[in-house]
Every structure is written in structure tokens, then in C-alpha cells.
Amino acid sequence: MSTEIERIFYEPPARPTRIPEAPPAEPQPAVELTLDGRAVTVPAGSTILDACRAAGIEIPTLCFLESLTPVNVCRVCVVEVTGSRVLVPSCSRRVEPGMEVLTASERVRHGRRIVLELLASAVDLSLAPGVAEMLDAYGADPLRFGPSAPAAAAGEREARHPGHHEPPDGAAAEIVALPVKVDNDLYVRDYSRCILCYRCVEACGTDAQNTFAIAVAGRGFDARISTEYDAPLPSSACVYCGNCIGVCPTGALMFRSEFEMRAAGTWNEARQVTTDTICPYCGVGCTLTLHVQDGAVVTVTSPMGSAVGEGHLCIKGRFGFPFVQERPTG
Amino acid sequence: MDLVTLAPRASAEERAAVDGVLGTATSRWEGGDRMVPTDDRFALGGHAARERRHLLLPVLHAIQARVGWISQAALEYACRRLTIPPAEAHGVAAFYQMFSTTPRPPVVAHVCEDVACRLKGAGQVHADLERMLGPAGAPALGGDATWLPTPCLGRCERGPTALFTVAGLVPETIAAAPVDAAAIVDQLARSLAGRELVPPPLPPEPDEERLANVRRSIPQAGGPGLRLLRRAGVTNPRSLDDYLASDGYRGLRRALELGAAGVIAEVTDSGLLGRGGAAFPTGRKWAAVAAQPARPHYVVCNADESEPGTFKDRVLMEEDPFAIVEAMTIEGFATGAARGFLYLRAEYALSAARMAHAIAVARGAGYLGDDILGSGLSFDIEIRRGAGAYVCGEETALFESIEGRRGEPRNKPPFPVEVGLFGKPTAVNNIETLVNVPAIVADGGAAFAAIGTPGSAGSKLFCLSGHVERPGVYEVEFGAPLGELLALAGGVAGGRGLRAVLLGGAAGVFVGPDALDLPLTFEGTRAAGATLGSGAVIVFDESADLVGALLRIAAFFRDESCGQCVPCRIGTVRQEELLARLAAGRPRRSAADELALLADLGQGMRDASICGLGQTASSAVESAIRAGLVDLGGRRP
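For the record, the sequence lines run as chains A and B.
According to this note's numbering, the first sequence is numbered sequentially starting from 1.
According to this note's numbering, the second sequence is numbered sequentially starting from 1.
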């Protein structure tokens with residue numbers, strides 16, 4: 001047959017009967033480097049943190065989260081790279097061939113200790129999982145900088161202007177504490193616990209929700225997470241997906257239910273059980289983890305490893321659970 | 001992107017300010033009036049909308065200059081026009097010192113509180129103003145004026161200094177130095193009375209008067225042997241003819257003959273090192289950008305001179321603006337960039353005017369734009385103004401600022417030569433570095449390399465301020481000792497004894513009187529554990545309050561930290577608290593303990609901070625203690 005006729009009798013390939021799979025990723029060339037003197041090989045494009053985790057070397061992290069773009073601001077994950085003038089953040093620095101990395105040198109331990117001491121001297125870390133252990137591991141003593149100064153009054157920190165501040169007398173260490181922002185039924189914002197890890201801003205923005213209700217405002221020590229002009233959440237772009245709560249590493253963002261149970265002294269994690277299920281609301285099929293205490297759902301999370309939403313949910317999945325408890329009364 | 005904007009409609013003047021930059025809104029989507037029927041099937045989004053983000057700072061400047069502060073309604077109108085989420089735009093507005101997101105009187109005196117001006121009595125000016133006008137920021141003189149303390153304004157040679165901003169239909173920025181409180185109150189009253197009036201054009205300055213005026217900032221002006229300052233006070237900075245008559249555009253013509261690779265070879269051979277503080281080889285930087293396959297390439301001139309005690313770039317822009325235009329054009333040619341940005345700090349009003357004039361005149365005469373000098377080369381320059389943020393002098397923070405974001409430095413690598421402005425390969429150079437370029441290209445790199453020392457080629461501008469007889473910008477060949485530089489400026493004012501010199505500004509290093517034979521070269525200062533930094537040389541006589549200066553430097557870094565990384569954000573606060581305790585003689589436990597803690601903290605900030613700001617925030621303080629220049633009650637750490 002001539003090609004002309006072939007074209008006329010062309011039959012399209014059968015439609016796929018299965019979900020099409022992404023084409024296989026091109027295998028990355030391997031990169032060799034040394035971690036604490038040990039030679040390792042990892043795929044090109046890996047970060048130092050990836051390499052360390054693959055080699056079983058533990059690196060503390062605070063602002064890093066697998067599902068978000070690394071911002072390398074907390075500086076807890078710093079390591080020493082031979083030839084580098086300063087310590088480098090392992091969460092974002094890509095490996096290079098022949099790189100020599102020290103993850104536990106005196107300089108690394110000192111850098112991490114200072115960072116942890118500074119954080120703990122300014123922020124309430126009592127609800128941040130894993131931080132007490134980090135402080136212990138690095139021998140951090142936040143009280144070296146003096147006793148904590150009193151919390152700011154409502155609106156005081158928000159009103160500060162960049163470029164000038166009242167000189168301190170040094171008698172006490174300034175802290176970021178301010179009254180808890182309770183302005184809606186679903187979650188509260190306790191910025192006394194905020195370490196400015198940018199995770200909530202990223203989750204609200206291009207890394208998950210694309211809502212952009214919050215951003216960092218102000219400068220320096222007075223930098224803070226804020227809606228425009230500190231508007232209450234109901235007057236902001238917030239859609240209450242709660243993904244900011246899901247990524248918050250310190251408990252600064254908290255379910256209203258948990259906040260009130262804590263205030264009433266009834267919150268008890270030891271009495272809580274978790275149950276994984278699938279969200280009943282739509283066809284996406286997000287995994288929900290129900291946290292149940294005394295026979296009632298108290299909070300909902302979604303596991304980070306979930307292929308569907310990488311731990312992110314929407315307002316219905318995260319907050320739409322009270323109906324579970326509603327039983328017929330008549 | 002669906003924007004949620006909830007504030008009431010912006011006022012007519014706020015909208016006019018925004019529209020003045022962006023043109024009139026053409027749809028309701030953009031915040032304009034409803035247009036039937038197009039608005040029913042119209043949405044603006046995607047790349048086209050996001051690409052306009054870089055116009056945010058110009059728009060915020062326009063609102064601030066028109067109204068005196070940025071209200072939520074005005075900000076949200078700007079957000080509609082540019083498709084930017086209001087929370088993000090607010091985060092940007094609240095980052096920069098010259099923007100106010102709370103009501104502020106339209107006439108403001110920004111009064112310097114920094115190291116150099118303090119040596120000239122700025123502290124007294126502040127105390128007097130508090131007495132005469134009330135506390136900083138409070139409405140005064142009937143409510144439409146106020147005063148605010150501000151970091152270094154870059155006119156240190158004439159301190160104490162003030163900058164007046166007058167918002168309105170005819171916004172004005174007036175720099176004044178030296179000033180006392182009475183002069184500031186006087187100027188505020190005059191600005192209040194003259195608001196909304198178009199100021200009369202300044203009468204032309206007779207040549208002798210101009211030279212005399214220039215000599216107050218550049219005592220060597222008109223003298224022999226100058227390279228970088230040779231046109232200062234001699235040629236009219238507003239005249240392209242003057243520039244051409246004094247060897248102007250010889251460099252660009254030669255560059256076009258040499259070709260891009262030839263230019264880079266000459267600049268590399270010259271041994272020119274960056275004058276912004278990091279001393280990176282300029283030729284290597286240009287070669288790296290030129291070799292990048294990604295397009296387009298950009299050229300950025302860093303004119304965000306904010307290091308306290310530094311004002312050399314200001315006088316270069318004021319006195320020789322065409323040289324900067326020529327140098328950037330050569331740089332664009334060499335690196336393959338068709339667009340250049342000049343990022344200028346907002347406090348430099350005269351520099352901005354002179355540069356804008358020079359760019360416009362050069363464009364009109366065919367030295368910018370398409371087909372420059374008939375060679376086919378296309379290059380143009382755009383001025384972008386900062387808004388009061390020291391950290392934006394850091395190159396990647398500067399990119400963020402041009403792109404319409406908070407000035408938060410990026411982590412490096414990748415370096416700007418690979419991923420710079422708008423994510424593209426970018427060559428960033430300081431003003432002083434660039435002013436060296438036309439002569440290097442015209443006369444060859446070897447001739448330049450023969451000047452100065454083997455490790456530091458050429459001559460260098462130093463900004464002398466504080467307790468010297470004749471403060472100002474001085475040009476000396478590399479290698480001259482510190483003592484010779486001080487002698488050039490007439491020595492310590494009033495013949496008093498020397499206590500200390502701060503080299504390189506707040507991020508620099510204190511040296512004592514024993515350092516007078518320190519050779520002023522990159523290698524010489526490095527070997528002595530000092531730095532040339534930005535070229536700031538602040539002189540303290542035996543009566544100077546050095547502890548006060550350290551406290552001010554600590555306060556400066558606490559104010560100027562962008563707040564992104566922990567060591568700098570919190571470390572600068574702890575450093576200031578610690579110094580305050582020591583200065584007041586109230587150490588916790590013992591002074592020796594406190595000094596040890598200070599050293600510990602300094603090392604943490606130096607090692608773990610993202611950018612140079614945090615890495616050098618403890619440098620001056622630690623150097624003063626190390627050199628034994630201050631007694632804080634303990635032994636050296």
C-alpha cells in the first residue's frame with residue numbers, strides 16, 4: 001500500500017484502560033561524596049540532607065518538610081563543607097562530586113547549639129515535638145541570655161515599624177510572645193510559639209493551597225506571620241483548609257477544639273487513639289487520620305506519606321467531622 | 001488568581017498615584033470601573049499577570065509619595081492592578097522603612113542616628129527635636145509633620161544630616177546637612193507652607209560656586225592625579241558634551257572594537273576587584289555571566305550604598321553620572337545583556353535625579369537604546385529605587401527587591417552569575433567598581449594593573465567622616481597607609497588624639513592608633529584581620545563615646561536584619577541586650593562571662609547566618625573588644 005492509503009486506513013491506538021503512568025524518570029548520574037569521612041554515592045540532584053538520611057546520619061531539622069520547598073531559614077540542619085567559609089544548610093544544598101561534609105564537627109555542634117538556644121530564648125517551644133530532645137542533645141542553655149521579658153500587649157508587635165526600636169536595658173531577653181489570636185471557630189494562632197519557619201506561608205501559597213492569605217510582614221525580630229494589615233481571618237482570603245496547621249512544627253497553629261480542651265485541662269494525648277479512614281466528602285479520596293479521645297473525634301490530620309494529598313486536606317476533610325458525633329436524640 | 005480584597009474603595013488620590021505608574025485600569029478585574037460587556041468574560045491571570053510583580057515597589061513608592069502612607073484600600077487597589085495577593089503586598093510594604101502602613105503625617109524629617117552623625121552631635125539633635133516637636137513619629141506642627149530617627153543617610157561628611165520627605169501632588173525629597181534641631185523645625189514649617197506648590201527651578205550654579213560646593217564633599221576635587229574623581233567639580237555632571245570632551249565614551253568605542261571577549265580579557269587583566277566589600281574579581285564575574293547559555297542576561301548596578309559611613313557612590317553618581325551609564329553599557333556588551341537595572345537607595349534624591357537625567361540624555365544621543373553608535377548593540381538602563389533597607393545592598397536581596405518582594409537574601413549557591421535577577425544570569429557590580437571600567441577598556445588592563453599594589457590594582461575611594469579635620473571622599477592609590485589617608489584629611493579634628501578608626505562601616509572592623517601604618521590594600525587589611533569593606537573610614541578622637549558607637553552598631557543590625565534566619569534575627573537582639581548590660585555595668589554573673597557569651601554568639605552568627613549581614617553583625621563589636629579599645633569591665637574574650 002502506498003503511504004497515502006496507509007494514512008487513510010490509519011487506526012488510532014486503543015484507548016488506555018488503566019490510568020496512564022508518567023514516563024519513567026531518567027536515571028540520575030551518581031555523585032560521590034564523603035560524609036564524616038565515609039564515602040557515599042547518591043543520585044545527582046540530592047541534597048546533603050537526602051544523602052545523610054540515606055546513609056543513616058541523623059540531622060536535626062525544624063523548617064524543613066518533605067512536601068514543601070526548602071527555605072533554609074531555621075539553620076538547625078547546618079553542616080560543615082570543606083572549603084566553605086560558613087556552615088551550609090543541608091536541607092537545600094545540593095551534593096557536588098567530591099564534596100567533603102562534616103555533620104557532627106565541633107563547629108557544626110556549636111552552630112546548632114547557638115541556633116537552638118536563640119530560638120528557645122525567644123519562642124515558647126513547649127509544644128514542639130522533638131525540640132526538647134534537640135536542646136538536650138546539643139547542651140543548649142537558653143537562659144544564658146537572661147530571664148524572659150514580659151509578653152507584648154495585643155497589637156503591640158503588629159504596630160512596630162521597621163528601621164527603629166526602643167533600646168533595651170538588657171535586664172531581660174526580649175521574646176516574641178503576644179496574646180493568642182482567636183478569631184474563628186476552626187483554629188487559633190498562637191504566635192508566641194512561632195519560629196518563623198515559613199511552612200504555613202508556603203502551604204498557604206504555591207506549595208499547596210494557592211490561597212495566599214498569609215505572608216511574613218515586618219522586619220528582623222519584629223517579623224511575623226500576618227494577613228494584610230493584621231486583618232482577622234474571617235476578613236482575609238483564608239479558606240480554612242487548615243493545611244497551615246498540618247505543617248506547623250511548634251503548635252503555634254492549633255485546632256480550636258484542641259486549644260479549648262487544653263485550656264479546660266481535658267486534652268490528654270495518652271488517652272487518644274488514631275484511626276485512618278478515607279474522607280467521605282468527595283471523590284478525591286484523601287486519607288484522614290481521626291484523633292479520638294474518650295469516644296469523640298478531637299482533631300483530624302492526614303499522613304504526610306499519603307499519595308493523594310501529601311498530608312494536605314480541605315476545610316471539609318479537616319474540620320467537617322462534628323457530624324460523626326451527632327446522634328439522633330428522639 | 002482570585003484575589004480577596006475587602007477594604008473600602010481607595011481614595012481618588014490613592015488611585016491616581018497607582019494609575020500614574022500603571023496607566024488607567026481597563027477592567028473591573030483590575031480594580032477599575034465595570035466595563036460591560038467585556039468584564040463578563042474576562043479574567044487576568046497566568047504569566048502575563050505575574051510578570052508585573054516587579055512594578056510593586058514603584059507603585060508603593062507612588063502611593064507613599066502622594067499620600068504619605070499606604071492604606072489598606074490603596075494597597076488593595078494596587079494588588080488588583082498587579083494581581084498580587086494583598087497579604088504578600090502588605091508583607092512587602094511592611095518590610096521597607098520608608099513605607100508606612102499606618103497613618104503618618106505627609107511631611108517627615110528623617111534624622112540620622114548613625115555612628116558618623118552621632119560623632120557630630122546627632123544625639124543632641126534628637127534630644128532637642130523631642131523637646132521641640134514631641135516624641136519621634138508623633139504628629140507635630142499642627143499635625144501634618146513629624147520627625148523620625150533613621151539609619152545612615154550617606155551624607156556623613158556634612159553631619160548631622162536629615163532628609164525631608166514631603167508627600168503630595170508635588171512630592172519632594174530634600175536632603176539637608178549639617179542641621180540642628182532648629183533648622184529641621186524651620187524646614188518642616190517651610191515644607192508645610194510650600195506643600196503642593198511646584199518648587200521654582202534652581203538657578204544655574206556658577207562654575208566657581210559649584211567647585212566650592214563639590215569640594216565640601218570631595219576636598220581633592222579639581223586636583224591632579226585623580227582617576228575616579230577626575231571629573232568631580234570640573235565638568236558639569238548634567239552635560240553630555242562636557243563628558244564627551246573629557247574622554248567620555250572612549251571606553252565604549254574601544255569596547256566595540258575589542259569585542260565582548262576582548263573587553264572581558266582587558267577587565268580580567270586589569271585585576272579589578274569589586275569595590276562593594278567582597279572584592280570579587282570583576283573579570284571573572286563577567287566571563288561567568290557571558291558563558292551562561294540561559295537567556296536573557298541582566299546587568300545590575302548596585303547603588304544601594306547603605307553601609308553606615310559610606311558615601312562614595314553617592315558622590316560618583318552626583319558628579320559623574322555619564323561614566324556609570326557608559327560603564328554599564330560596556331558591561332552589557334561584554335556579558336550579553338540588553339537590559340540593565342540601577343538599584344538606587346531611596347535616600348539619594350540628587351543621585352537619582354542626576355542618573356535619570358544622564359540616562360535620558362544618553363538615550364536621546366544614541367548612547368543607549370537600539371543600535372548604539374551604529375554598532376547594532378542594544379542596551380538600556382532602568383532605575384529602580386530601594387525603600388529603606390540596608391540588607392538590599394546584599395546582591396540577592398537586591399534582586400528580590402527589584403522583583404517586588406521582601407528584601408530577603410537567597411541562599412547561595414546558586415550564585416547570581418547563574419541564577420540572578422528574574423532567575424537569569426546576572427552581573428552585579430558596585431558603582432565604584434564600574435567607574436573604573438571605561439578607562440580600563442580604553443587604556444588596556446595592563447595599565448590599570450600597574451597602579452596600586454600587585455594584589456590590589458588601581459585606586460580606591462575612602463569616605464572619611466567623624467572626627468577628621470576635612471571629612472569627605474578621598475581617592476588614593478592602593479597601598480597608602482591609613483595614617484597617610486588621615487593626614488590627607490587634615491588629621492584628627494582640632495589636633496586632638498586618635499582613639500580608634502572604624503574601617504568598612506558597621507560591618508567593618510575597629511582599629512586603634514597603632515594601626516596608622518596599616519597599608520590600605522585588600523591583602524594588607526586581610527592580613528591584619530581588618531577589612532576595607534565599603535571604604536568607610538570613621539574616625540573617633542580621644543573624647544569619643546566608643547561604647548555608645550558599639551551600642552548604636554548593635555541597634556543598627558537589630559533594625560536591619562531581614563528576620564529570615566534565626567541566628568541573625570534573634571542573635572542581633574541578644575547582642576544588643578548583652579552590650580546594653582555591659583555598657584550599664586550590670587552584667588549577669590560577671591563581665592568575663594558576658595564577653596565569653598558575646599564571642600560565642602558572634603561565632604554562631606558568623607557561621608550559621610544566611611547572608612553577609614548576619615555574618616558580619618558582630619564584627620565591629622568584637623574587633624573593638626579584641627583590640628582593647630573599649631573597657632566593658634572584663635578581660636578580652
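Note that beta-carbon positions come from the ideal geometry of N, C-alpha and C, so glycine has one too.
> If we count the other Cβ atoms within 10 Å of its Cβ and call it buried at 16 or more, is S90 (chain A) buried or exposed?
Replying inline: Locating residue 90 (chain A) in the first sequence gives position 90, counting from the first residue. The residue is buried, with at least 16 neighbouring Cβ atoms inside 10 Å.
>> Considering only their Cβ atoms, is the gap separating A78 (chain B) from V4 (chain B) smaller than 8 Å?
In response: Your numbering for residue 4 (chain B) matches position 4 in the second sequence. Your numbering for residue 78 (chain B) matches position 78 in the second sequence. Cβ atoms of V4 (chain B) and A78 (chain B): not closer than 8 Å.
> Unbroken beta strand (DSSP E) runs of length 3 or more, entirely within the segment 80–117 of chain B: which are they?
Replying inline: 107–112
> In whole angstroms, what separates the C-alpha of T310 (chain B) from that of E30 (chain B)?
Replying inline: Here the question's residue 310 (chain B) lines up with position 310 in the second sequence. Here the question's residue 30 (chain B) lines up with position 30 in the second sequence. Near 42 Å, if we compare the C-alpha coordinates of E30 (chain B) and T310 (chain B).
> For T150 (chain B), which of helix, strand or coil comes out of DSSP?
Replying inline: Counting from one through the second sequence, the residue named residue 150 (chain B) turns up at place 150. Correct three-state label for T150 (chain B): strand.
> Does DSSP put A356 (chain B) in a helix, in a strand, or in coil?
Replying inline: Taking the first residue of the second sequence as position 1, residue 356 (chain B) is located at position 356. Of the three classes helix, strand and coil, the one that applies to A356 (chain B) here is helix, per DSSP.
> When the Cα of T335 (chain B) is compared with those of B:Y367, B:I324, B:M317, B:A294, which residue comes out closest?
Replying inline: Locating residue 335 (chain B) in the second sequence gives position 335, where the first residue counts as 1. Closest option to T335 (chain B), Cα to Cα, is B:A294.
> Does any residue of chain B bring its CB to less than 8 Å from the CB of C74 (chain A)?
Replying inline: Taking the first sequence and counting its residues from 1, one reaches residue 74 (chain A) at position 74. Cβ-Cβ to chain B under 8 Å: yes for C74 (chain A).
> Taking the DSSP output, what are the residues bridged to I174 (chain B)?
Replying inline: Along the second sequence, one-based indexing puts residue 174 (chain B) at 174. Note: I174 (chain B) sits in a beta bridge opposite B:F164.
>> I need the straight-line Cα distance from D269 (chain B) to G259 (chain B), nearest angstrom please.
In response: Position 269 of the second sequence holds residue 269 (chain B). Position 259 of the second sequence holds residue 259 (chain B). Going from the Cα of D269 (chain B) to the Cα of G259 (chain B) covers about 15 Å.
> Between V308 (chain A) and F321 (chain A), which are expected to be in contact by the criterion C-beta below 8 Å, what is the C-beta distance as a whole number of angstroms?
Replying inline: Within the first sequence, numbered from 1, the residue matching residue 308 (chain A) stands at position 308. Within the first sequence, numbered from 1, the residue matching residue 321 (chain A) stands at position 321. In fact, because the Cβ distance is near 18 Å, the residues do not count as touching under 8 Å.
> Closer than 8 Å, Cβ to any Cβ of chain B: which residues of the segment 224–239 of chain A, in chain order?
Replying inline: S226, T227, E228, Y229, A231, S235, S236, A237
> Starting from G646 (chain B) and walking both ways along the beta strand (DSSP E), at which residues does that stretch end?
Replying inline: Past the edges of chain B, shown from 1 to 637, lies residue 646 (chain B), and the structure says nothing about it.
> In chain A, what lies closer than 8 Å to T102 (chain B) by C-beta?
Replying inline: Indexing the second sequence from 1 puts residue 102 (chain B) at position 102. Correct list: A159, H161.
> Comparing alpha-carbon positions, which option in B:M328, B:R354, B:M35 lies nearest G340 (chain B)?
Replying inline: For the purposes of this step, residue 340 (chain B) is taken as residue 340 along the second sequence, with counting starting at 1. Taking only the C-alpha atoms, the option nearest G340 (chain B) is B:M328.
>> Please list, in chain order, the chain B residues whose beta carbon lies closer than 8 Å to that of H165 (chain A).
In response: Counting from 1 along the first sequence, the entry for residue 165 (chain A) is found at position 165. Neighbours of H165 (chain A) on chain B, chain order: A555, R558, D559.
> Would Y96 (chain B) count as contacting chain A if we go by Cβ distances under 8 Å?
Replying inline: Taking the second sequence and counting its residues from 1, one reaches residue 96 (chain B) at position 96. By this cut-off, Y96 (chain B) is an interface position.
> Does the beta-carbon of Q28 (chain A) have 16 or more other beta-carbons within 10 angstroms, so that it is buried, or is it exposed?
Replying inline: Position 28 of the first sequence, counting from 1, holds the residue named residue 28 (chain A). Its Cβ having fewer than 16 others within 10 Å, Q28 (chain A) is exposed.
> Is DSSP giving C611 (chain B) helix, strand or coil here?
Replying inline: Along the second sequence, read from residue 1 onward, the residue named residue 611 (chain B) stands at position 611. Coil, per DSSP.
> Measuring CB to CB, does E100 (chain A) end up less than 8 Å from T34 (chain A)?
Replying inline: Counting from 1 along the first sequence, the entry for residue 100 (chain A) is found at position 100. Counting from 1 along the first sequence, the entry for residue 34 (chain A) is found at position 34. Against a cut-off of 8 Å, the Cβ pair of T34 (chain A) and E100 (chain A) comes out as a contact.
> Start and end of the beta strand (DSSP E) containing A293 (chain A)?
Replying inline: Along the first sequence, read from residue 1 onward, the residue named residue 293 (chain A) stands at position 293. It is Gln, not Ala, that sits at residue 293 (chain A) in the sequence shown. Q293 (chain A) -> beta strand (DSSP E) spans 287–293.
> Are the C-beta of D607 (chain B) and some C-beta of chain A separated by less than 8 Å?
Replying inline: Start at 1 with the first residue of the second sequence, and residue 607 (chain B) comes out as number 607. Taking Cβ atoms only, chain A reaches closer than 8 Å to D607 (chain B), which makes this a yes.
> Can you name the start and end residues of the alpha helix (DSSP H) that I383 (chain B) belongs to?
Replying inline: Position 383 of the second sequence, counted from the first residue, corresponds to residue 383 (chain B). Note, I383 (chain B): premise wrong, no alpha helix (DSSP H); beta strand (DSSP E) at 377–385.
> Applying a beta-carbon distance threshold of less than 7 Å, which residues of chain A neighbour R588 (chain B)?
Replying inline: One-based indexing of the second sequence puts residue 588 (chain B) at position 588. By Cβ distance, chain A contributes G146.
> Who are S459 (chain B)'s beta bridge partners in DSSP?
Replying inline: Start at 1 with the first residue of the second sequence, and residue 459 (chain B) comes out as number 459. Its beta-bridge partners are B:E477.
> To which residues of the same chain is G483 (chain B) closer than 7 Å at the C-beta, ignoring the five residues directly before and after it?
Replying inline: For this step, residue 483 (chain B) is matched to residue 483 along the second sequence. Only L516, D517 meet the Cβ criterion.
> When the Cα of A181 (chain B) is compared with those of B:V170, B:V214, B:L133, which residue comes out closest?
Replying inline: On the second sequence, residue 181 (chain B) is found 181 positions in, with the first residue counted as 1. Nearest C-alpha to A181 (chain B): B:L133.
> At least one CB of chain A closer than 8 Å to the CB of A617 (chain B): is that the case?
Replying inline: As a working note, residue 617 (chain B) is residue 617 in the second sequence. It does not: the Cβ of A617 (chain B) has no partner Cβ on chain A nearer than 8 Å.
> Nearest chain B C-beta to I245 (chain A) closer than 8 Å, yes or no?
Replying inline: Looking up residue 245 (chain A) in the first sequence gives position 245. So no, I245 (chain A) is outside the interface.
> Short check: CB of H110 (chain B) to CB of T165 (chain B), under 8 Å?
Replying inline: Position 110 of the second sequence holds residue 110 (chain B). Position 165 of the second sequence holds residue 165 (chain B). Cβ distance < 8 Å, so H110 (chain B) and T165 (chain B) count as in contact.
> How about L344 (chain B) and D304 (chain B): are their beta carbons less than 8 Å apart?
Replying inline: Along the second sequence, one-based indexing puts residue 344 (chain B) at 344. Along the second sequence, one-based indexing puts residue 304 (chain B) at 304. Against a cut-off of 8 Å, the Cβ pair of D304 (chain B) and L344 (chain B) comes out as a contact.
>> Considering only their Cβ atoms, is the gap separating M254 (chain A) from D294 (chain A) smaller than 8 Å?
In response: The sequence position of residue 294 (chain A) within the first sequence is 294, counting from 1. The sequence position of residue 254 (chain A) within the first sequence is 254, counting from 1. For D294 (chain A) and M254 (chain A), no; Cβs fall outside 8 Å.
>> Against chain B, with Cβ distances strictly below 8 Å, would D251 (chain A) count as a contact?
In response: Here residue 251 (chain A) corresponds to residue number 251 of the first sequence, with the count starting at 1. Asp is not the amino acid found at residue 251 (chain A); the sequence shown has Gly there. With 8 Å as the cut-off, G251 (chain A) does not count as an interface residue toward chain B.
> Looking only at C-alpha atoms, which of B:R52, B:P224, B:L228, B:A10 sits nearest to D33 (chain B)?
Replying inline: For this step, residue 33 (chain B) is matched to residue 33 along the second sequence. If we check each option's Cα against that of D33 (chain B), B:A10 comes out closest.
>> Along the chain, where does the alpha helix (DSSP H) containing M99 (chain A) start, and where does it finish?
In response: In the first sequence, residue 99 (chain A) corresponds to position 99, counting from 1. Where M99 (chain A) is concerned, there is no enclosing alpha helix (DSSP H), given that its DSSP letter is neither H nor E.
>> Here's the rule: buried if 16 or more other CB atoms are within 10 angstroms of the residue's CB, otherwise exposed. What is R635 (chain B)?
In response: Position 635 of the second sequence, counting from 1, holds the residue named residue 635 (chain B). In this predicted model, R635 (chain B) has a pLDDT of only 45, less than 50, meaning its place in the structure is not dependable; the value taken from the coordinates is given anyway. Its Cβ having fewer than 16 others within 10 Å, R635 (chain B) is exposed.
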